[in-house]
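Following: one structure in structure tokens, then a few remarks.
Protein chains in written order, with my numbering: chain A, 43 to 670; chain B, 1344 to 1797.
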């Protein structure tokens, strides 16, 4: 067997969205990283929708950026159309979504990996992982019998591990987009006692632009004033290049689907894979929502240098001939030419209950896992986990404490917490409804929440840090100013307010008190000539939100304080719940199974009641007293 | 780390002449100060540790009781935190009202063993003691578990389930509109408002019924008082349906308190026959009279009896004066004899008056009915449920105020998300009552009700 002379600190298996952020973060922190991919031309591939962001997903992208990741900047660089979602519903649910040039996205990411110091790309398939407990290292074996010695391994194989594609009655082992799957890794990992689940997901067809009749569809435009994802990108650089279109399924479509269900292997036999609830195929939509007359279909561009269009809403595993029939029923798609047909894919997933909050295997130190293989779904969710494992794997090698993102400071923390404490029953998608602190976790304040952490771990440059500090300073000054500056009643002010259909000021009032009114914003203040014109809009937005929603924000902060009283008390890993006198049997079972890392987590487990928690706290106190 | 300020009744809730309500935490003195006003007009905040003050306890401006407040400053207290102990008169009603008032003023109801837990964590009790408390906690915890989750049968559970369902439906609709904006399934504001109004009403009933529910669970203490030989023991025996008290025409026959329980309309009524109140030189009778006066303070309802055949005595007048505004049913007995009593004065002093005669059986069948009328539980349906304890009451109360907040926000032009922050939190509170995780229910609802996805 060959042996690679070069030793690496960290091996990243898979160069998708998780692998990219993981390897870049680890290399930038100072570790020597090797990234393995089956095909270097597919680094940062987007095998499903050609878009980044969306509600809560957009928050993740901002958070990755705030920590020093690349997803936001790359998205900004290849954005085709950008929209701010939920603009009228309140600041906590504002979220960005951008259509992207999918090939360009991958190319930019590939280049970023190539030029990164300390980072090396290798096109090869890893077939075996061996651990040497004496030397505290891993040996990775490639398909071509080359061996690599590393200190830490990050598993980010996406849907490639045990990948199997289903189209009609046909099924074959494959990764997405015709890339061959990783068929050996699972067996290798089972040696470590790793437990797996089988998930499935699907993607719709890509069709040729020239075969679509767009006149029968409703065009969807991007925002006139598009916003950038990255805190580092100037929003004026974001331009809308392309249109999206909406059309709908109808009764005929439903007939075609329901009549041909038996032709799909996924419906004619019991498959093992569990599909995502948030992203049902068109078959499932018609089966589960029988009363819904029609379903939306979005026709989205795949890039500037291609005429392929993506059909959001028509994910399917029906045979190709039925797919053709199905599209022919839809207005505008009557003559659609399928370039790549829709398919479903089954793949192996690591049960995330085996992972710590750093996404490290509890039973295999220095082996990490991130992305779709850890049970999530979506590019953004994968990248979010990627940057976290990249940071923590590197920090462990450098003998620094791991960072933990939590429910209180981020959606990334919420996602990791949900996955590792509740487990997953279907591919996990982030949503604003997953967070109990959404008003604090705004996409617009991701930098305030996470850039200090990014700085601490070494992913934020001096220059960026200075800019960030300046932003904070300006925000503080503006806060002070609105708290101490008065507006007086005057004829001019009355007239200005009247032009906004707002009643006049009766007596002198502080700006802050005026801003608390729902109808007053900085636009009005500007007209009243009491706003500081030198301060940028993003800062003013934060000031306005924090003043306007102060009561709600404080309520959420108080809820956090309550939780944090418990959060600080850690539960040792080797705790034997059976020995704790006074715990109820059900609590012993649940706690032994879930092995919460601290009191807060323990109290969230169903079947563990407040009395059990009291007993646990007292027992932990006793333990620490003995240790003294 | 900031600790929540907690409050609970520290003494057992049985018959006792004094009850202690303990408040512990950073804000305990400030909270107690809102409820307790000292007679010397000194604020509790200005008091030193280990000092006491005599004054009055109020609930929402209404006088509840006279009480003594003792202030302990951290770390010199049982829990090691700032502590105030309010000592008021015993009796479930008053004590609960005081606790209630503290909770309204910002204290959280203490969980089982929470004071001792804090005492232990602050190093105030040693491990041996803590361990014995631990056993106590786990024993009580099993009950607390049963109590935390309202009984799975019964109307209250069904009602809460219904409220929870409505709230999760609302949240799911909202989150679909937000998490899947492209579906353009926006929340119908008119429907939202009417659902909120419905929930508000339901919760309001629940909260209002809490006091009533306690009476039903714990029974009511009914003290029979009056001057000697007006017919107290006859009343007792009539209600019991058998001869328990010795009835003679000799004043001062009943010297000790005689207590018996009966069930009327499914409610436990603890009847207390007391010594006739009069100045006496007999030391044994004097003790009885003293006890009678104490009972008077503890009882949930007082049946005061007057003799129609004689004018009001000084003692009668003293009794009338001592009764003031509490729940009282005045009974004018011996109506078969020629009337010498100033009935108008009685009617002027008491809202509820019933004329009877045990000799001629006049109106006696109305006594029970009147007791219930005075307690305003005459339409009691034993199938109806009630909140079981202060914790549940507190959760329902917060749920209600959050719904009110959501309604107000909806009317002003606040962003819809803010309205739902309150609705969601309210749903969480209901979840505490039904023992369910609302977040998971909402997410399940999103996926099962709405066709979302790419």
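Built from N, CA and C at the ideal position, the CB exists for glycine as well.
_Give me the DSSP bridge partner(s) of residue 338 (chain A)._
Answer by DSSP bridge pairing, in chain order: A:290.
*List the residues of chain A whose Cβ lies closer than 7 angstroms to the Cβ of residue 1764 (chain B), in chain order.*
Going along chain A in sequence order, the residues near residue 1764 (chain B) (Cβ under 7 angstroms) are 481, 594.
*Please say whether residue 114 (chain A) and residue 222 (chain A) have beta carbons closer to each other than 8 angstroms?*
Remark: C-beta atoms of residue 222 (chain A) and residue 114 (chain A) do not approach each other more closely than 8 angstroms.
*Do you know how far the Cα of residue 351 (chain A) is from the Cα of residue 248 (chain A)?*
Straight-line spacing of the CA atoms in residue 248 (chain A) and residue 351 (chain A) works out to 5 angstroms.
*residue 1644 (chain B) CB to nearest chain A CB: under 8 angstroms?*
For residue 1644 (chain B), no Cβ of chain A is located within less than 8 angstroms of the residue's own Cβ.
_Let's test the definition: count the other Cβ atoms within 10 Å of the Cβ of residue 537 (chain A) and tell me whether it reaches 16, buried, or not, exposed._
Counting Cβ neighbours within 10 Å, residue 537 (chain A) comes out exposed, since fewer than 16 surround it.
*So, residue 1424 (chain B) versus residue 1413 (chain B), is the Cβ gap smaller than 8 angstroms?*
The beta carbons of residue 1424 (chain B) and residue 1413 (chain B) sit no closer together than 8 angstroms.
*Does DSSP classify residue 504 (chain A) as helix, strand or coil?*
Residue 504 (chain A) sits in a helix when the DSSP states are folded into three classes.
*Classify residue 180 (chain A) as buried or exposed, calling it buried when 16 or more other Cβ atoms lie within 10 Å of its own Cβ.*
Classification for residue 180 (chain A): buried.
*Proximity winner among B:1452, B:1362, B:1757, B:1392, relative to residue 1409 (chain B) (alpha-carbon distances)*: Residue B:1362 is the option with its Cα nearest to residue 1409 (chain B).
*Mind pulling the chain B residues with CB within less than 7 angstroms of residue 604 (chain A)?*
In chain order: 1347.
*Outcome for residue 268 (chain A) when other beta-carbon atoms lying within 10 angstroms are tallied against a minimum of 16*: Buried, since its Cβ has 16 or more Cβ neighbours within 10 Å.
*Is the shortest distance between the beta-carbon of residue 663 (chain A) and the beta-carbons of chain B less than 8 angstroms?*
Yes, residue 663 (chain A) lies at the interface with chain B (some Cβ there is under 8 angstroms from its Cβ).
_Which residues DSSP lists as bridging residue 54 (chain A), in chain order_ = Its beta-bridge partners are A:77, A:196.
*Sub-8 angstroms separation of residue 1701 (chain B) and residue 1676 (chain B) beta-carbons*: For residue 1701 (chain B) and residue 1676 (chain B), yes; Cβs fall inside 8 angstroms.
*Looking at C-alpha atoms only, which residue of A:421, A:246, A:419 is the closest neighbour of residue 339 (chain A)?*
Taking the Cα of residue 339 (chain A) as reference, the smallest distance to any Cα among A:421, A:246, A:419 is reached at A:246.
*Taking 8 angstroms as the CB-CB cut-off, is residue 55 (chain A) touching chain B?*
By this cut-off, residue 55 (chain A) is not an interface position.
*Report yes if the CB atom of residue 447 (chain A) is closer than 8 angstroms to the CB atom of residue 458 (chain A), and no otherwise.*
In this structure, residue 458 (chain A) lies closer than 8 angstroms to residue 447 (chain A) by Cβ.
_Please state the DSSP three-state secondary structure of residue 650 (chain A)._
Three-state DSSP puts residue 650 (chain A) in coil, outside helix and strand.
*asked:* Distance check for residue 1694 (chain B) and residue 1437 (chain B), CA to CA, integer angstroms please.
replied: Answer to the nearest angstrom: the Cα atoms are 21 angstroms apart.
_Buried/exposed call for residue 330 (chain A), threshold 16 Cβ in 10 Å_ = Counting the other Cβ atoms within 10 Å of the Cβ of residue 330 (chain A) gives fewer than 16, which makes it exposed.
*Could you say if the segment 368 to 385 of chain A and the segment 132 to 150 of chain A meet the contact criterion of at least three C-beta pairs nearer than 8 angstroms?*
They do not touch, by the three-pair rule.
*Could you say if the segment 206 to 221 of chain A and the segment 382 to 391 of chain A meet the contact criterion of at least three C-beta pairs nearer than 8 angstroms?*
Yes, the segment 206 to 221 of chain A touches the segment 382 to 391 of chain A.
*Assuming residue 1653 (chain B) contacts residue 1697 (chain B) (C-beta within less than 8 angstroms), just tell me the rounded distance between them.*
Contact flag wrong, Cβ pair sits at about 18 angstroms.
*Look at residue 1769 (chain B) and residue 1452 (chain B) and say whether their C-beta atoms are less than 8 angstroms apart.*
Against a cut-off of 8 angstroms, the Cβ pair of residue 1452 (chain B) and residue 1769 (chain B) comes out as no contact.
*Count the other CB atoms, across all protein chains shown, that sit within 10 Å of the CB of residue 1523 (chain B); report buried if there are 16 or more and exposed otherwise.*
Classification for residue 1523 (chain B): buried.
*Kindly indicate if chain B contains any beta-carbon less than 8 angstroms away from that of residue 670 (chain A).*
Unreliable positioning characterises residue 670 (chain A) in this predicted model, as indicated by a pLDDT of 45, which lies under 50. A coordinate reading is not provided.
*asked:* Less than 6 angstroms between C-beta atoms, sequence neighbours within five positions excluded: which residues of the same chain meet that for residue 429 (chain A)?
replied: Hits under 6 angstroms: 63, 67, 106, 109, 111.
_Cβ separation of residue 1666 (chain B) and residue 1645 (chain B), assumed to be a contact under 8 angstroms, to the nearest whole Å_ = With a Cβ gap of about 6 angstroms, residue 1666 (chain B) and residue 1645 (chain B) count as contacting.
*My understanding is that residue 1431 (chain B) touches residue 1767 (chain B), with C-beta atoms under 8 angstroms, so please give their C-beta distance in whole angstroms.*
Contact doesn't hold; Cβ gap of about 38 angstroms is too wide.
*Inspect the beta-carbon positions of residue 100 (chain A) and residue 485 (chain A) and report whether they are closer than 8 angstroms.*
Using a Cβ distance threshold of 8 angstroms, residue 100 (chain A) and residue 485 (chain A) count as a contacting pair.
*Tell me whether residue 1709 (chain B) is buried or exposed, calling it buried when 16 or more other Cβ atoms sit within 10 Å of its Cβ.*
Exposed: under 16 other Cβ atoms inside 10 Å.
*Between residue 89 (chain A) and the rest of its own chain, which residues show a CB-CB distance below 7 angstroms, the 5 nearest in sequence each way excluded?*
Sequence-distant Cβ neighbours of residue 89 (chain A) in its own chain, meaning closer than 7 angstroms and more than five residues away, are 218, 219, 245.
*Any beta-carbon of chain B closer than 8 angstroms to the one on residue 400 (chain A)?*
Not a single CB atom of chain B sits nearer than 8 angstroms to the CB of residue 400 (chain A).
*Could you name the residues of the same chain whose beta carbon sits closer than 7 angstroms to that of residue 489 (chain A), not counting the 5 residues immediately before and after it, in chain order?*
Once the five neighbours on either side are set aside, the close Cβ partners of residue 489 (chain A) are 108, 273, 510.
*asked:* Counting C-beta neighbours from all protein chains within 10 Å, is the total for residue 394 (chain A) 16 or more, i.e. buried, or is it exposed?
replied: Looking at its Cβ environment, which holds 16 or more other Cβ atoms inside 10 Å, residue 394 (chain A) is buried.
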